[in-house]
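Enquirer: This is the structure I want to talk about, given as structure tokens.
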Amino acid sequence: MTINSKSSKAEILAAYKDLEKQKKSLEAEIRQQDKSGLAANAPAVSQSKPEIETGQNTNPDLAPDLAKTIQSLEKIQGSFGGAVSNLSEQLIAEATELEAVKIAIAAETQDLENLHQLTDIDESTIDFLLDQYQASSKKFTAEYEQQQGADRQAIEALEQRWAKEQQAHDKLVATRNEDYGKNRQREQAEYQYNLELGRNLDESEHRQQQKLKQQELAEVFQQIEQQWQQQEAEIAQQEQEYATAAAKIIAFESELQDKIKQGTEEGKGIGAYQSKVKTDLRERELEGEKQNYQLRIESLEHTIKHQASRVEKLSQQLDSSLQQVQNLAVKAIEGTSNRNSFEAVKAIAMEQAKTPQKGK
Numbered sequence: 001m002t003i004n005s006k007s008s009k010a011e012i013l014a015a016y017k018d019l020e021k022q023k024k025s026l027e028a029e030i031r032q033q034d035k036s037g038l039a040a041n042a043p044a045v046s047q048s049k050p051e052i053e054t055g056q057n058t059n060p061d062l063a064p065d066l067a068k069t070i071q072s073l074e075k076i077q078g079s080f081g082g083a084v085s086n087l088s089e090q091l092i093a094e095a096t097e098l099e100a101v102k103i104a105i106a107a108e109t110q111d112l113e114n115l116h117q118l119t120d121i122d123e124s125t126i127d128f129l130l131d132q133y134q135a136s137s138k139k140f141t142a143e144y145e146q147q148q149g150a151d152r153q154a155i156e157a158l159e160q161r162w163a164k165e166q167q168a169h170d171k172l173v174a175t176r177n178e179d180y181g182k183n184r185q186r187e188q189a190e191y192q193y194n195l196e197l198g199r200n201l202d203e204s205e206h207r208q209q210q211k212l213k214q215q216e217l218a219e220v221f222q223q224i225e226q227q228w229q230q231q232e233a234e235i236a237q238q239e240q241e242y243a244t245a246a247a248k249i250i251a252f253e254s255e256l257q258d259k260i261k262q263g264t265e266e267g268k269g270i271g272a273y274q275s276k277v278k279t280d281l282r283e284r285e286l287e288g289e290k291q292n293y294q295l296r297i298e299s300l301e302h303t304i305k306h307q308a309s310r311v312e313k314l315s316q317q318l319d320s321s322l323q324q325v326q327n328l329a330v331k332a333i334e335g336t337s338n339r340n341s342f343e344a345v346k347a348i349a350m351e352q353a354k355t356p357q358k359g360k
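Sequential numbering of the sequence shown, starting at 1, is according to the working numbering.
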């Protein structure tokens, strides 16, 4: 059997026992020859090969057997020495590995004691840790499901409130547009009526005055219309920001579930304690992000309410200014006033147009 560095301990021991048997067999053979009356040739066995060759001339029958025996002993001695050397190296290597394994086991045991506050570690320790992990996992799953239900209810309530506010806003815009259309129709009718009344005046002067009045009134209405468009653009932007924040809340819920699932998978590999610590930390981070989004949503809701209040005030101011302009315009056309009346109309309209800008 050939012994090398990859041979197992059992193979080395088997080779050693085989060599030991061969050695004992040869020793028994030599002792048998000694008992047969070959004591005179014993010195020749312990001498070198030249002496054996000299002894062969004395006893031709025993010389070949002795030479063969000595040669076999020399081979066995060489093989035995190599086997013993290999066995010694193997034993030293295995002893070194065993010591390293003992050190590693001691380190792992110490880590378990420090990590889980264990005092005694035995065969049931792993089962105890697994039971503890399963209990913690069930508790965490129940807490997560409860929190998920609460978050879902909060989102539904938020969506319902947003739908109501959107409906109220749409109603406000529709009412404003309807009032604006009615005012335009009334203005057109009054204009036609006033035009008929003013035909008794000088045709050229009347046309010139009407042209100036229409131009100035058109400028005033254009400024008011631009302000309305700007207000609508601001409200639309705030609605977009609100929708973005609501979408982030939904994405946050999905991210929370993914992170919890990832923390659960990692906990199966490294133990319940580390998984719980990581999951708790991430859950706190996600809770902070959720609170941040909630604060932004509340801020946007407050801004929308403020803008709605401003829109209502602007509508009231617009109605008041239009009524004053119409009254003064009628008086100016009927001849009950002069050029100063029209200037007053223009001043009131311009003042009303500047008022929303100051309120921004």
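Virtual Cβ for every residue (Gly too), placed ideally from N, Cα, C.
Specify the secondary structure class of S388 as computed by DSSP and reduced to three states.
Expert: For residue 388 there is no data in the structure shown, the boundaries of the chain being 1 and 360.
Enquirer: How many Å lie between K138 and L129 at the Cα?
Expert: By one-based count along the sequence shown, residue 138 stands at place 138. By one-based count along the sequence shown, residue 129 stands at place 129. Cα to Cα, the separation comes out at about 14 Å.
Enquirer: Assuming the contact rule is C-beta atoms closer than 8 Å, E241 and L314 should be a hit. Round their C-beta distance to whole Å, please.
Expert: Within the sequence shown, numbered from 1, the residue matching residue 241 stands at position 241. Within the sequence shown, numbered from 1, the residue matching residue 314 stands at position 314. Wrong, their Cβ atoms sit about 22 Å apart, outside the cutoff.
Enquirer: Looking only at C-alpha atoms, which of A189, Q188, I297 and R184 sits nearest to W162?
Expert: Within the sequence shown, the letter at position 162 stands for residue 162. Taking only the C-alpha atoms, the option nearest W162 is I297.
Enquirer: Looking at L87: is its Cβ nearer than 8 Å to the Cβ of Y16?
Expert: For the purposes of this step, residue 87 is taken as residue 87 along the sequence shown, with counting starting at 1. For the purposes of this step, residue 16 is taken as residue 16 along the sequence shown, with counting starting at 1. Closer than 8 Å, so yes.
Enquirer: Helix, strand or coil: which one does DSSP assign to V45?
Expert: Locating residue 45 in the sequence shown gives position 45, counting from the first residue. Any reading at V45 needs caution, since the residue's pLDDT is 41, under 50, leaving its predicted position unreliable; the model's value is listed next. In this structure, V45 counts as helix in the three-state DSSP scheme.
Enquirer: Which word fits S25, buried or exposed, when buried means at least 16 other C-beta atoms lie within 10 angstroms of its C-beta?
Expert: If you number the sequence shown from 1, residue 25 lands on position 25. Answer is exposed; the Cβ neighbour count stays below 16.
Enquirer: In angstroms, rounded to a whole number, what distance separates the CA positions of E159 and L217?
Expert: Locating residue 159 in the sequence shown gives position 159, counting from the first residue. Locating residue 217 in the sequence shown gives position 217, counting from the first residue. C-alpha separation (whole angstroms): 43 Å.
Enquirer: CB E196 to CB Q326, shorter than 8 Å?
Expert: Here the question's residue 196 lines up with position 196 in the sequence shown. Here the question's residue 326 lines up with position 326 in the sequence shown. The answer is no: Cβ separation not under 8 Å.
Enquirer: Are I249 and Y293 closer than 8 Å when you measure CB to CB?
Expert: For the purposes of this step, residue 249 is taken as the residue at position 249 of the sequence shown. For the purposes of this step, residue 293 is taken as the residue at position 293 of the sequence shown. Cβ distance < 8 Å, so I249 and Y293 count as in contact.
Enquirer: Pick out whichever of I235, Q147, A174 and Q226 has its Cα sitting closest to the Cα of H302.
Expert: Looking up residue 302 in the sequence shown gives position 302. Closest option to H302, Cα to Cα, is I235.
Enquirer: Just the C-alpha distance for Y144 and G288, rounded to the nearest angstrom, thanks.
Expert: Within the sequence shown, numbered from 1, the residue matching residue 144 stands at position 144. Within the sequence shown, numbered from 1, the residue matching residue 288 stands at position 288. Rounded to whole angstroms, Y144 to G288 spans 16 Å at the Cα level.
Enquirer: Is it buried or exposed for Q32, if we count other Cβ within 10 angstroms and need 16 for buried?
Expert: Looking up residue 32 in the sequence shown gives position 32. Under this definition Q32 is an exposed residue.
Enquirer: So is T54 buried or exposed if we call it buried at 16+ other beta carbons inside 10 Å?
Expert: Locating residue 54 in the sequence shown gives position 54, where the first residue counts as 1. With a pLDDT of 39 at T54, under the threshold of 50, the predicted position of this residue should be treated as unreliable, though the coordinate-derived value follows. It counts as exposed.
Enquirer: Out of curiosity, what's the CA-to-CA distance linking Q210 and Q324?
Expert: Here residue 210 is taken as the residue at index 210 of the sequence shown, counted from 1. Here residue 324 is taken as the residue at index 324 of the sequence shown, counted from 1. For Q210 and Q324, the distance between alpha carbons rounds to 18 Å.
Enquirer: If we ignore side chains and look at the alpha-carbon of each, how far apart do I103 and Q110 end up?
Expert: Taking the first residue of the sequence shown as position 1, residue 103 is located at position 103. Taking the first residue of the sequence shown as position 1, residue 110 is located at position 110. Looking at the two C-alpha atoms, the distance is approximately 11 Å.
Enquirer: Look at the Cβ atom of T69, then the Cβ atom of I30, and state whether they are nearer than 8 Å.
Expert: As a working note, residue 69 is residue 69 in the sequence shown. As a working note, residue 30 is residue 30 in the sequence shown. Against a cut-off of 8 Å, the Cβ pair of I30 and T69 comes out as a contact.
Enquirer: Whose C-beta lies closer than 7 Å to the C-beta of S124 among residues of the same chain, with five residues either side of it excluded?
Expert: Numbered from 1 along the sequence shown, position 124 holds the residue referred to as residue 124. Excluding positions up to five away in sequence, the list is empty.
Enquirer: Mark T175 as exposed unless 16 or more other C-beta atoms lie within 10 angstroms of its C-beta, in which case mark it buried.
Expert: Start at 1 with the first residue of the sequence shown, and residue 175 comes out as number 175. Its Cβ having fewer than 16 others within 10 Å, T175 is exposed.
Enquirer: Are Q238 and I304 closer than 8 Å when you measure CB to CB?
Expert: For this step, residue 238 is matched to residue 238 along the sequence shown. For this step, residue 304 is matched to residue 304 along the sequence shown. Closer than 8 Å, so yes.
Enquirer: Using the Cα positions of Q291 and A251, report the straight-line distance between them to the nearest angstrom.
Expert: In the sequence shown, the residue the question calls residue 291 occupies position 291. In the sequence shown, the residue the question calls residue 251 occupies position 251. Distance between the alpha carbons of Q291 and A251: 14 Å.
Enquirer: Between K171, T141 and Q166, which has its C-alpha nearest A243's C-alpha?
Expert: Here residue 243 refers to the residue found at position 243 of the sequence shown. When only C-alpha atoms are compared, the closest one is Q166.
Enquirer: Please report the distance separating the alpha-carbon of S254 from that of E312.
Expert: Taking the first residue of the sequence shown as position 1, residue 254 is located at position 254. Taking the first residue of the sequence shown as position 1, residue 312 is located at position 312. Between S254 and E312, the C-alpha separation is close to 39 Å.
Enquirer: Closest by CA to S309, which one among Q71, A168, D127 and T141?
Expert: By one-based count along the sequence shown, residue 309 stands at place 309. Taking only the C-alpha atoms, the option nearest S309 is A168.
Enquirer: For E27 and S85, I'd like the C-alpha separation in whole angstroms.
Expert: Residue numbering aside, residue 27 sits at position 27 when the sequence shown is read from its first letter. Residue numbering aside, residue 85 sits at position 85 when the sequence shown is read from its first letter. Looking at the two C-alpha atoms, the distance is approximately 22 Å.
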